[in-house]
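Everything below concerns the one structure shown next.
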Amino acid sequence: MHDLRMVREHIDALRAGMRRRGANDALSTIDRAAELDKWRRETIQAVEERKAARNAISQQVGQRKRGGEAADDLQQQSRALGEEIARLDQELAKVESQLSSILLELPNITLDQVPAGGEENNSVVRSWGTPREGARVQPHWEIGTRLGLIDFERGAKISGSGFIVFRGLGARLVRSLMNLMLDVHTGDHSYEEIWVPVVVNRTSMTGTAQLPKFEEDMYALKDEDLFLIPTAEVPLTNLYRDEILAEGDLPKSFTAYSACFRREAGAAGKDTRGLLRVHEFDKIELVRYTTPETSGEQLELLTGHAEKILQLLELPYRVVRLASGDTGFASAHTYDLESYAPGVGKWLEVSSCSNFTDFQARRANIRYKPTEGGKPRFVHTLNGSGLAFPRIIASLLEHHQQEDGSVRVPAALSKYLGAERLS
RNA sequence: GGACAGGUGGCCGAGUGGUUGAAGGCACCGGUCUCGAAAACCGGCAUACCGGUGAACCCGGUAUCGAGAGUUCGAAUCUCUCCCUGUCCGCCA
């Protein structure tokens, strides 16, 4: 969320930011916000003037009554003022709620190093490993089914398409990935491990900016105003909602495993086979809270932490800097990590690492008190997947597939899995 | 799910419908004292918004005592609804 002051004092920068994203529909709402803000300030002046008058009268009434005098005339005046105040306050409330909906639906402005334009302007900033030639590699759904690791049909029967049953060594593979990633992040990268609720309230969803704009993408509970999380980012970033941290406590870093739930409402018909796009999946998430001065370097650090997992899994990947128009709503700078899956012949997005600057912190009201004193400031929040399981499993099954149809398990993982080969 | 008891400033904790933004204490900041520190003493110490010249300082105003609505000239204080916390009971992995 942007500060209303952006609209008032830096409207050109705001407009430029929207244009760089290609969010041209936002330009007119910004103008609308500027008008509403002007009206709002005028009305505040009018209403506060009346409130001041009423307060003064009420004091006089009090004085008279204590002296045993009547004050009917003053009470009459005050009542009249009260009616005007009620009317103005009501209009004001309406305008302020319009203003806040506008602010809540404007995306973040991307940082300078993010190129303008859409997906076509994404750029690979580095890569690791060599993608394997895919001519003789089966897609993961065939391997997974053949080896008895994944039961797509029964998943669909129990829940619907896009819900996956892992079984036997496949189930153990999921558990192994969870343990490997959490151990690396808590041990080597010093994150605090958190276990989070996967059901959260509307305020939390609004804090991280899934709401109000993307409500149709969320699974919602029927009888209560609660949602299934699409990522552990939501509970982790809301951990310190409405709190003030000490600068000395920053950066704070958290990691959590969670199940994630996505309706994929806008993606019907895309990636329907296999593990590429599912409604429920597992993921390890990384979240960091930092000062504004350090969030840039902290994004590099966090991205490196996610990359480390891909290296341990011996999976070739590339790091892609997203162009402004492809960057998520709340993010100011995003790197996607893409792992190559030779069986399906695609680079799979297995992690998305973002610096949200103060965009989420302002919504969730997460601040810190500077060491040198002064008013609390908003923290910067960052997060990244470290990593998402289904596409990693797809990549593992395809990239490490052997001539004999079995799958080699990388050393870092076999320790957890208790097997060096899936066959 | 039922029955009680509560929700006040960074924390603890007073508060009779009328200078209560809110006593007192703790914490914190500045000062006196001290070789230095502690103790003691003195002083300061909420936030947001609107306005006053652009920034700073400052000044004026408005709002905020879990949230919202109501009663009243006037609400932390009275009424209603909701949320949360605690205790007990029931149910349950």
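In case it helps, this note's numbering puts the first sequence at residues 5 to 427. Glycine is no exception: its CB is placed at the ideal position from the N, C-alpha and C atoms. Bear in mind that the values here come from a model prediction, so they are computed numbers and not experimental data.
| said: Closest to S104 by C-alpha separation, out of D187, K217, R325, would be which residue? | reply: K217
| said: By the three-class DSSP mapping on this structure, what secondary structure does E318 have? | reply: In the displayed model, E318 falls within coil according to three-state DSSP, outside both helix and strand.
| N359 bridges to which residues according to DSSP? | H337, L386
| query | So, helix, strand or coil for D29, using DSSP? | reply | In this structure, D29 counts as helix in the three-state DSSP scheme.
| Unbroken beta strand (DSSP E) run spanning A224, endpoints | Here A224 belongs to no beta strand (DSSP E), and DSSP marks it neither H nor E.
| message | By DSSP's criteria, S262 is part of a beta bridge. Which residues make up the other side? | response | K287
| With L181 and I370 assumed to form a contact (beta carbons below 8 Å), what rounded beta-carbon distance in angstroms separates them? | Not a contact, Cβ separation roughly 30 Å.
| said: Quick check on this structure: which residue in L317, P111, V411, N242 has the alpha carbon closest to the alpha carbon of G26? | reply: P111
| Nearest to A368 by alpha carbon, out of A260, N59, H384, A17? | Per the Cα distances, H384.
| request: Determine the direct distance from the alpha carbon of L40 to that of E197, and round the result to whole angstroms. | output: Taking the straight line from one Cα to the other gives about 44 Å.
| task | Determine the extent of the alpha helix (DSSP H) in which A449 is found, giving its start and end residues. | result | The requested residue 449 does not occur in the structure, where the chain is confined to residues 5 to 427.
| query | What residue ranges within the stretch 72–142 form continuous beta strand (DSSP E) runs of no fewer than 3 residues, ordered along the chain? | reply | 127–132
| What distance in whole Å lies between the Cβ atoms of I106 and R176, which are believed to be in contact at a cut-off of 8 Å? | Between I106 and R176 the Cβ distance is about 50 Å, and since that is not below 8 Å, they are no contact.
| query | What is the rounded straight-line gap between the Cα of T3 and the Cα of L240? | reply | Residue coverage of the chain in this structure runs from 5 to 427, which leaves residue 3 outside it and unanswerable.
| Within 10 angstroms of its Cβ, does D340 collect 16 or more other Cβ (buried), or is it exposed? | buried
| query | Where are the beta strand (DSSP E) runs, 3 residues long or more, that stay fully inside the stretch 178–242, in chain order? | reply | For the beta strand (DSSP E) assignment, the uninterrupted runs of no fewer than 3 residues enclosed by the stretch 178–242 are, from N- to C-terminal side, 196–199, 203–205, 230–232.
| With distances taken from CA atoms, which of D286, A90, R9, Q63 is nearest L78? | Proximity to L78 across D286, A90, R9, Q63 peaks at Q63, based on C-alpha coordinates.
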